Amino acid sequence: MKITIYGSGYVGLVTGACFAQMGNHVLCVDIDSNKIALLKQGKVPIHEPGLTELIESNYKSGHIDFTTDANAGVQHAAIQFIAVGTPPDEDGSADLQHVLAVAKTIGESMHSEMIIVDKSTVPVGTADQVSKQIKSALEKRGKSIAFEVASNPEFLKEGSAIADFMKPDRIIIGAQQQQTIDTLTELYSPFNRSHDRIISMDTRSAELTKYVANSMLATKISFMNEMANLAELLDADIEKVRIGIGSDPRIGYHFIYPGCGYGGSCFPKDVQALQHTAKSLGYDAQILAAVKNTNERQKIHFANKITQHYKNDLKGKTFALWGLSFKPNTDDMREAPSHIIMQHLWNAGATVQAYDPVALAEVKRIYGERDNLVYCDSAETALDGANALIVATEWTQFRTPDFDLLKRKLADATIFDGRNLYDPQQLKEKGFFYYGIGRGR
């Protein structure tokens, strides 16, 4: 099939590359000419394992191409995916200006029947708005062309997005017309071979499914962080509690790992957007508010552990910070706990020596050069001259460090473990001061 995808960000590129890999002819459209030029050179502007290789091979084979010409995108295919960004607006709602701009462009240029697919995470009712925008543009042209706007939300995890797309848990298709469902089912058939993963429903339910899924996962994380804080006061170990409750199949082990807070482009934005939707309907979504507030508090709670250990005197101290991205296997710094940790230390007069396997370039873009931030090229280098170690991201290379080396290098033999990677008892026996999340007093 021929497919057009508007937006060459995270969702658009992964979607385009995976469809192209299955033999489809994909045209990715983006208004950023620099990004398009880089993509044509085989340079992918985001870090996602396996994505560069997929794009390179399919670009060479002619199955994927990139352009800034939106009109060419409209003419290319009868299936048009909208995968542009929907950043949070000032009031917390999802900003739909880019989605609606694409809809207007499609309506101004389309000449034959089309299926327009919302791939972006959008509020309930967005398909109706997109449809209205296209109809308005067609009416101005004096045209009457059949089309349907469907919802096909993505469920990609940064760091494993290719595998998630190739072997999905579910494929949600929200549409009113059976013909649209059948066409999209055929498009997804290569990813649906071993058993039927397609779940079809009405468009509004599909739109809501994405927000509810992310909000549920965020709720599990915030709940465990709340329980971890309680465990500290009760001198209990939340990691043992986690294993105890996770063994219950009704609860399971996924997303019940306590830590220094969640981040990324999805959970914070989607919880806030769903909360705004509820408020606009006159409904007080108290759980969503608590999830958001608990997460924000958790980041500060972890940073406060550092201040409390040093009795409110961090001036002149140097901290090795392992992990900057919000999660492993990505360079995404959006809403990452490391932002709060670094700002907390800087405000108190401390210096940060930071290392991350892939996110350093993004951190440099955000913070530039500053006297109280040292960019390190290895985890070991970050330890040089440091008083203590802070772990903010659970990269696998941080899981089994040389603790004898840490003991020699850290002036104060202190570790603040924001991801509960290490055994408190083992570290205490080695002579460390250790602070985890919910590991008792």
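To convert, note that position 328 of the sequence shown is 327 in numbering that gives the first Met the number 0; the numbers rise steadily by one, no gaps.
The C-beta atom is built at its ideal place from N, Cα and C for all residues, glycine as well.
Nothing here was measured: the structure is a model prediction, and the numbers come from that model.
query	result
DSSP state of Phe154 mapped onto helix, strand, coil	coil
Chain-order list of residues whose beta-carbon lies under 7 Å from that of Asn57 (same chain, five-residue window excluded)	Ala16, Ala19, Gln20 and Ile63
Assigned exposure category for Glu157 - 16 Cβ within 10 Å defines buried	buried
Same chain only: Cβ atoms within 7 Å of Cys375, ignoring 5 sequence neighbours per side	Gln352, Ala353, Tyr354 and Ala381
Rounded separation between Ala69 and Thr104 - CA only	7 Å
Beta-carbon spacing of Lys219, Ile255 below 9 Å	yes
Among Glu147, Ile161 and Phe146, nearest to Glu153 - alpha-carbon criterion	Ile161
Backbone secondary structure at Pro336 - three-state DSSP	helix
Terminal residues of the beta strand (DSSP E) in which Asp416 lies	Thr413 to Asp416
Where Tyr282 sits in the DSSP three-state scheme	coil
Neighbourhood of Val123 by C-beta distance below 6 Å, restricted to the same chain and skipping five residues each side	Arg203, Glu206 and Leu207
Simplified DSSP state of Glu112, which is helix, strand or coil	coil
Inter-residue spacing [alpha-carbon to alpha-carbon] between His275 and Gln175	26 Å
Burial state of Thr392 (16 or more Cβ within 10 Å)	buried
Exposure label - Asp416; buried when at least 16 CB within 10 Å	buried
Leu323 beta carbon less than 9 Å from that of Ala347	no
Cβ-Cβ separation, Val116 to Gln79 (assumed contact under 8 Å), whole Å	7 Å
Closest Cα partner of Thr125 within the set Ser111, Ala149, His194 and Lys139	Ala149
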